[in-house]
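**Q** One structure, as structure tokens, below. Some questions next.
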Amino acid sequence: MKSPYPEEFNRQAIGLTASLHFAPTQKAADALLKEGKDPEQIFVTGNTGIDALHYTVRNDFYHPETEWAKDSRLIAVTAHRRENLGEPMRDMFRAIRKIVEEFTDVKVIYPVHLNPQVRKIADEEFGGCDRIHLIEPLDVVEFHNLMKASYLIMTDSGGIQEEAPALGKPVLVMRDTTERPEGVEAGTLKLAGTKMEDIYRECRQLLTEPEIYRRMSEARNPYGDGTASIKIRKILENIDA
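The opening residue of the sequence shown carries number -1 in the numbering used here; numbering runs sequentially from there.
What follows is the structure, encoded as structure tokens:
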């Protein structure tokens, strides 16, 4: 239950009692096979979170924060992981601030996690920068539309690594490792680490090199095409038949 994947405990605990396993990728299905799961109970369907984007993302969506950033290159930020608290998170935030100070057309929206330690660091590192907006956490519809409005995403979160590429948004993962290696292999994600200069360099590259940005934004999302729910329904119908 420690770094780098504390959530993995929850997945394995649930997996022990599950009779069906709907894996987002073949690599995830292979991991289940290595754990000894019955291959007849494993199905590769994609991630249902990507399906949800079809219902949540709207062209007419309005939010005052995305309206504020509409004429800029918007970077959406999420950061909350326990293993990044302290100096790693300060380094992450200093890299972001350095980018904003260098590129006058860049704005940042960061829905700040409720963890008091995260909030304290965010206030200290981002205070006084008028092109970085620290806002309260968003609901899923608001956040999906924030991702759509963004030029790129900088995150240490997990699910965003699967969802953002479905919107054609490059993702810089501010971690040293990721449980989503398929995204790195496909080119939708890039591990930027937690050091200030590394994060700054990777972000700056996306802002200054259009071809690298294009390749990431156009890479095929390995986590599904938005039809996972349909596949799962058909599997369940066949089992019940």
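Yeah, the Cβ is synthetic: ideal placement off N, Cα and C, and Gly gets one too.
Let me check one thing: in DSSP terms, what residues is L150 bridge-paired to?
**A** Along the sequence shown, one-based indexing puts residue 150 at 152. I73.
**Q** What is the DSSP secondary structure of M(-1), reduced to helix, strand or coil?
**A** Residue -1 sits at position 1 when you count from the first residue of the sequence shown. Low confidence applies to M(-1): its pLDDT is 46, below 50, so where it sits in the model is not reliable, and the reading given next is rough at best. It is coil, neither helix nor strand.
**Q** Just verifying my parser: in three-state terms, what is the DSSP assignment at V171?
**A** Counting from one through the sequence shown, the residue named residue 171 turns up at place 173. V171 falls in the strand class under three-state DSSP.
**Q** For E99 and Y53, I'd like the C-alpha separation in whole angstroms.
**A** Residue numbering aside, residue 99 sits at position 101 when the sequence shown is read from its first letter. Residue numbering aside, residue 53 sits at position 55 when the sequence shown is read from its first letter. For E99 and Y53, the distance between alpha carbons rounds to 36 Å.
**Q** Express the C-alpha separation of K229 and H19 in angstroms, rounding to a whole number.
**A** If you number the sequence shown from 1, residue 19 lands on position 21. If you number the sequence shown from 1, residue 229 lands on position 231. Whole-angstrom Cα-Cα distance: 13 Å.
**Q** Could you tell me if T43 is buried or exposed, where buried requires 16 or more neighbouring beta carbons within 10 angstroms of its beta carbon?
**A** To locate residue 43, count along the sequence shown from 1; it is residue 45. Flag for T43 reads buried.
**Q** When burial is assigned at 16 or more other CB atoms within 10 Å of the CB, is N236 buried or exposed?
**A** Numbered from 1 along the sequence shown, position 238 holds the residue referred to as residue 236. Under this definition N236 is an exposed residue.
**Q** Nearest-angstrom Cα distance between D103 and L234?
**A** For the purposes of this step, residue 103 is identified with residue 105 of the sequence shown, where counting begins at 1. For the purposes of this step, residue 234 is identified with residue 236 of the sequence shown, where counting begins at 1. Distance between the alpha carbons of D103 and L234 is about 49 Å.
**Q** Does the beta-carbon of K105 have 16 or more other beta-carbons within 10 angstroms, so that it is buried, or is it exposed?
**A** Here residue 105 corresponds to residue number 107 of the sequence shown, with the count starting at 1. It is buried - the Cβ of K105 has at least 16 other Cβ atoms within 10 Å.
**Q** Please report how far the alpha carbon of M(-1) lies from the alpha carbon of T176, in whole angstroms.
**A** Along the sequence shown, read from residue 1 onward, the residue named residue -1 stands at position 1. Along the sequence shown, read from residue 1 onward, the residue named residue 176 stands at position 178. Confidence in M(-1) is poor, its pLDDT being 46 and thus under 50, which makes the residue's placement too unreliable to answer from.
**Q** Hey, quick one: how far does the beta strand (DSSP E) through V55 stretch, first residue to last?
**A** For the purposes of this step, residue 55 is taken as residue 57 along the sequence shown, with counting starting at 1. Premise fails: V55 is in no beta strand (DSSP E) and is neither H nor E.
**Q** Pick out whichever of A67, K232 and S17 has its Cα sitting closest to the Cα of Y108.
**A** What you label residue 108 is simply residue 110 of the sequence shown in a count that begins at 1. Selected option, being the one with the closest Cα: A67.
**Q** Which runs of the beta strand (DSSP E) spanning at least 3 residues fall entirely within the segment 74 to 160, listed in chain order?
**A** The qualifying runs are 104 to 109, 130 to 133 and 150 to 153.
**Q** By how many angstroms is the C-alpha of T76 removed from the C-alpha of L242?
**A** No answer is possible for residue 242: the residues shown for the chain start at -1 and end at 239.
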